[in-house]
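> Quick one: structure below, then a few questions.
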Amino acid sequence: MKKYMIKYLSIIGILTIAVLLCRCSDDAYSEKYANPATISEATCEKLMTGVLIQSNTWITPVYGRYFGWGSSYVGKFAQVFGFPNTSGRYEADSYGDPSGHWNDFYKSLTTFRVLEDIYSKLSDADKTDNSVFLWISQIFIYQQLTEILGAWGDLPYTEAGTLYQTGDIKTSIPKFDTQESLYTMMLNDLKTLSDNLANSTLSVNASGKLAAQDYIFHGDVMMWRRFANSLRLRLGMRLSSQGNLVNEGKAAVTEVLGNETKYPLPTDNSNMCAFYSTSGPDLKWTEISVNDPGRIQGYAAHAHISRMVNNQDPRLEVTYELAPQTGTYAGLDPSKPFNALTDEGMLIRSCYSSIDSASFRMNNMLIPGLIFSASEIWFIKAEAYQRNIAPGNAEAAFKTAIDLSVKMYYDINSGATYKLPTPLPSQADISAFANARWAAIGTEYATAEEAIAIQKWIHFGFLQEFEAWSELRRTGLPRLTYATDNGSRCPNVPDRIKYPDNERLYNPNCPRTEDDDWYTVLSWAKTDWYNRVDL
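Just so you know, we're using this note's numbering here: the sequence shown kicks off at 944 and counts up by one.
Printed below as a string of structure tokens:
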């Protein structure tokens, strides 16, 4: 019991902060949203902000996300960040603690439980005025839960974060919920949450508070409806390929796409679900580029960049740099041998392409935190139409997705100050590229589904590395090759992340160490999604 006391006394501390709001480490947010130490009353709208802030790292292009979680873990597994074949490269704990996302999620969830409890004690009139803060918080929690589920699998949710209500440490140790139960819960609840937002009229008081405390969409309820519907659509498609919830996943996709008036989605880049910071957290790419040019986190992956080169992809010029030593585009190929002396020297000599300086490395204050891009939604539509999950024109949706993707990347580049922005290609050139990609079905792509999946993976790239990894595990497309790391604790690319040490130590419901494996296939994923090669 002593070890549980240590763990849960720390949780009491977290809860105390959560009641007051949530801690925000970024100065830009601290200036606008009150310091928790100065807040004397926990209100629903402030707790909503706390829910958002606690997981802010995972919707914002910050250093820890991209160069820790992104390039060291999931971006490497998805081959959207370049990496050499060094020893231990697939060990998802060899580059530091991968549990930051897990920990931040449970801080958000703890704050949400406090919000639920406070809301439940309001009068009926006050509940009407404060319900929007509860709904938006739950939508956001589900988006973060989706990512945590996609990385770890079964996890505590329904009983997690309840110590504030129960006051009993022993009974507050949460059980692990199954993936299937949580996905079913989210599919059902997201429909209800979307309907609630659509059918409610906010009071002047609630509207003012929402605008002041919602730093993502600034009180725009329509954007939160798009957020909820996009998440339900993404979840439905993820579940639609294999596993026990195929029918439920397809039904959700069919319903959302069958009535976009009732379930609005992002339609173009002007209304995609993204977080635009007014000041922006520093990704430190500028610092890395100047002071540490040999660092590998900012380099292209061969599989990603070579497809763009071969297809004369118009996004290439604003996504990657030419390698200075060769004047060509080149990425690190994990299917090739790595010599620690010669190849590391090649990195330092800049013989590989880095992520574009004007668009990203020297422009990182203006990079949006992508949650649901319009292009992703159109790629989902294309797949749904092609697989007859919903009626529609797959070819037209596919071409629209590419068109929006090209324009999105150029829009990011348009804010460049390091050097002049690159002019957007003509509409004729963008359309010609999209037409050529569809025309390649039967030659470059075996099926339309393969064309859709590969272009979706290219679109995600290093900006949405987690979604790229998830889609690879769901579809197995593109079929990528990885070299086996013989002698490593994790010799091949993992199917999931192992549970954090603290969860294993302090929660007796956590699977035993011997049952917590990197190669446990998640409920919706393929058992065989990539090729292996021995070097």
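Don't be surprised by glycine CBs; every beta carbon is placed ideally from N, CA and C.
Just so we're clear, the structure is a prediction, and the values are computed from it rather than from any experiment.
1. In this structure, what does DSSP give as the bridge partners for D1120?
2. In whole angstroms, what separates the C-alpha of A971 from that of T1054?
3. What separation, rounded to the nearest whole angstrom, lies between the Cα atoms of S1297 and Y1272?
4. If you drop the 5 nearest sequence neighbours on each side, which residues of the same chain put their C-beta closer than 8 Å to that of L1259?
5. Using the Cβ count rule (16 or more neighbours within 10 Å means buried), how would you classify G1151?
6. Measuring straight from C-alpha to C-alpha, what distance separates G993 and A1155?
7. Can the beta-carbon of A1344 be found less than 8 Å from the beta-carbon of V1023?
8. May I have the straight-line CA-CA distance separating F1403 from C987, to the nearest angstrom?
9. Is the segment 1045-1065 touching the segment 1080-1090 in the sense that three or more CB pairs, one from each, lie closer than 8 Å?
10. Taking the straight line between their C-alpha atoms, what separation do you get for E1034 and G1013?
11. Between T1262, S1466, Y1442, which has its C-alpha nearest E1457's C-alpha?
12. Rounded to a whole number of angstroms, what is the C-alpha to C-alpha distance between Y951 and Y1449?
13. Buried or exposed: where does R1475 fall if 16 or more other Cβ atoms within 10 Å of its Cβ makes it buried?
14. For S1318, which three-state DSSP category applies?
15. Taking the alpha carbon of D1047 as the reference point, which residue from T1000, A1021, V1017 has its own alpha carbon closest?
16. Quick test of your reading: L1130 and R1175, contact by CB under 8 Å. State the CB separation rounded to the nearest angstrom.
17. Rounded to whole angstroms, what is the Cα-Cα separation between E1414 and A1021?
18. Would you grab the beta carbon distance between K1019 and R1008 for me? Rounded to a whole angstrom, and I think it's under 8 Å.
19. Closest to L1423 by C-alpha separation, out of G1201, S1278, E1408, would be which residue?
20. Tell me the residue span of the alpha helix (DSSP H) that contains V1261.
21. Once you ignore the five residues that flank R1447 on each side, which residues in its own chain have a CB closer than 6 Å to its CB?
22. Residues in the same chain with beta-carbon distance under 7 Å from T1463, minus the five sequence neighbours each way, listed in chain order, please.
23. For G1312, list the residues DSSP reports as bridge partners.
24. Going by DSSP, which residues form a beta bridge with S1297?
25. Span of the beta strand (DSSP E) holding N1212?
26. Secondary structure at L1182, three-state DSSP: helix, strand or coil?
27. Please return the same chain residues whose Cβ sits closer than 6 Å to the Cβ of K1342, not counting the five positions on each side in sequence.
28. Who pairs with N1474 in a beta bridge, going by DSSP?
29. Indicate the three-state DSSP secondary structure (helix, strand or coil) for Y1442 in the structure shown.
30. Does the Cβ-Cβ distance between V1196 and I1332 come in under 8 Å?
31. Using a Cβ-Cβ cutoff of less than 6 Å, which residues in the same chain neighbour S1115 once the five nearest sequence positions on both sides are dropped?
32. For the alpha helix (DSSP H) containing A1266, list its first residue and its last residue.
33. Under a Cβ-count criterion, where at least 16 other Cβ atoms within 10 Å of its own Cβ denotes burial, should Q1268 be classed as buried or exposed?
34. For M1166, count the other beta carbons within 10 Å of its own beta carbon; 16 or more makes it buried, fewer makes it exposed. Which is it?
Inspection of the coordinates gives the following:
1. Here residue 1120 is taken as the residue at index 177 of the sequence shown, counted from 1. BP columns for D1120 point to L1098.
2. Residue numbering aside, residue 971 sits at position 28 when the sequence shown is read from its first letter. Residue numbering aside, residue 1054 sits at position 111 when the sequence shown is read from its first letter. Caution applies to A971, whose pLDDT of 41 falls short of 50 and renders its modelled position unreliable; the model cannot decide the point.
3. Along the sequence shown, one-based indexing puts residue 1297 at 354. Along the sequence shown, one-based indexing puts residue 1272 at 329. Whole-angstrom Cα-Cα distance: 9 Å.
4. In the sequence shown, the residue the question calls residue 1259 occupies position 316. So the qualifying residues of the chain are I1248, M1251, V1252, Y1272.
5. The sequence position of residue 1151 within the sequence shown is 208, counting from 1. It counts as exposed.
6. Taking the first residue of the sequence shown as 1, we reach residue 993 at position 50. Taking the first residue of the sequence shown as 1, we reach residue 1155 at position 212. Approximately 13 Å, taken between the alpha carbons.
7. Residue numbering aside, residue 1344 sits at position 401 when the sequence shown is read from its first letter. Residue numbering aside, residue 1023 sits at position 80 when the sequence shown is read from its first letter. Not closer than 8 Å, so no.
8. Start at 1 with the first residue of the sequence shown, and residue 1403 comes out as number 460. Start at 1 with the first residue of the sequence shown, and residue 987 comes out as number 44. So the two alpha carbons sit approximately 34 Å from each other.
9. yes
10. Stepping through the sequence shown from its first residue, residue 1034 is reached at position 91. Stepping through the sequence shown from its first residue, residue 1013 is reached at position 70. E1034 and G1013: Cα-Cα distance of roughly 14 Å.
11. For the purposes of this step, residue 1457 is identified with residue 514 of the sequence shown, where counting begins at 1. The shortest Cα separation from E1457 among T1262, S1466, Y1442 belongs to Y1442.
12. Locating residue 951 in the sequence shown gives position 8, counting from the first residue. Locating residue 1449 in the sequence shown gives position 506, counting from the first residue. Here the model assigns Y951 a pLDDT of 33, short of 50, so the residue's position is not dependable and the matter cannot be decided.
13. Position 532 of the sequence shown, counted from the start, is the residue given in the question as residue 1475. Flag for R1475 reads exposed.
14. Residue numbering aside, residue 1318 sits at position 375 when the sequence shown is read from its first letter. S1318 falls in the helix class under three-state DSSP.
15. Here residue 1047 refers to the residue found at position 104 of the sequence shown. With distances taken between Cα atoms, D1047 lies closest to T1000.
16. In the sequence shown, residue 1130 corresponds to position 187, counting from 1. In the sequence shown, residue 1175 corresponds to position 232, counting from 1. About 6 Å; that satisfies the 8 Å criterion.
17. Working through the sequence shown from its first residue, we reach residue 1414 at position 471. Working through the sequence shown from its first residue, we reach residue 1021 at position 78. Cα to Cα, the separation comes out at about 9 Å.
18. As a first step, residue 1019 is located in the sequence shown; it is residue number 76 there, counting from the start. As a first step, residue 1008 is located in the sequence shown; it is residue number 65 there, counting from the start. That belief does not hold up - the Cβ atoms of K1019 and R1008 are roughly 14 Å apart, past 8 Å.
19. For this step, residue 1423 is matched to residue 480 along the sequence shown. When each option's Cα is compared against that of L1423, the closest is S1278.
20. Position 318 of the sequence shown, counted from the start, is the residue given in the question as residue 1261. 1259-1262 is the extent of the alpha helix (DSSP H) around V1261.
21. Reading the sequence shown from its first residue, position 504 is the one you call residue 1447. Only C1453 meet the Cβ criterion.
22. Walking along the sequence shown from the start, residue 1463 turns up at place 520. Once the five neighbours on either side are set aside, the close Cβ partners of T1463 are G1096, D1438, R1439.
23. To locate residue 1312, count along the sequence shown from 1; it is residue 369. G1312 pairs with F1218.
24. Locating residue 1297 in the sequence shown gives position 354, counting from the first residue. DSSP, once it has assigned bridges, lists Y1242 as partnering S1297.
25. Position 269 of the sequence shown, counting from 1, holds the residue named residue 1212. It is not in any beta strand (DSSP E) - N1212 carries neither H nor E in the DSSP assignment.
26. For the purposes of this step, residue 1182 is identified with residue 239 of the sequence shown, where counting begins at 1. Helix, per DSSP.
27. Here the question's residue 1342 lines up with position 399 in the sequence shown. Cβ within range, chain order: A1377.
28. Within the sequence shown, numbered from 1, the residue matching residue 1474 stands at position 531. T1424.
29. Sequence index remark: in the sequence shown, residue 1442 carries index 499 (1-based). Correct three-state label for Y1442: coil.
30. Sequence index remark: in the sequence shown, residue 1196 carries index 253 (1-based). Sequence index remark: in the sequence shown, residue 1332 carries index 389 (1-based). Yes, they are a contact pair.
31. On the sequence shown, position 172 is the one that residue 1115 refers to. Answer for S1115: T1105, L1106, T1109, listed in chain order.
32. For the purposes of this step, residue 1266 is taken as the residue at position 323 of the sequence shown. Unbroken run through A1266: none, as it is neither H nor E.
33. On the sequence shown, residue 1268 is found 325 positions in, with the first residue counted as 1. By the 10 Å Cβ count, Q1268 comes out exposed.
34. Numbered from 1 along the sequence shown, position 223 holds the residue referred to as residue 1166. M1166 should be labelled buried.
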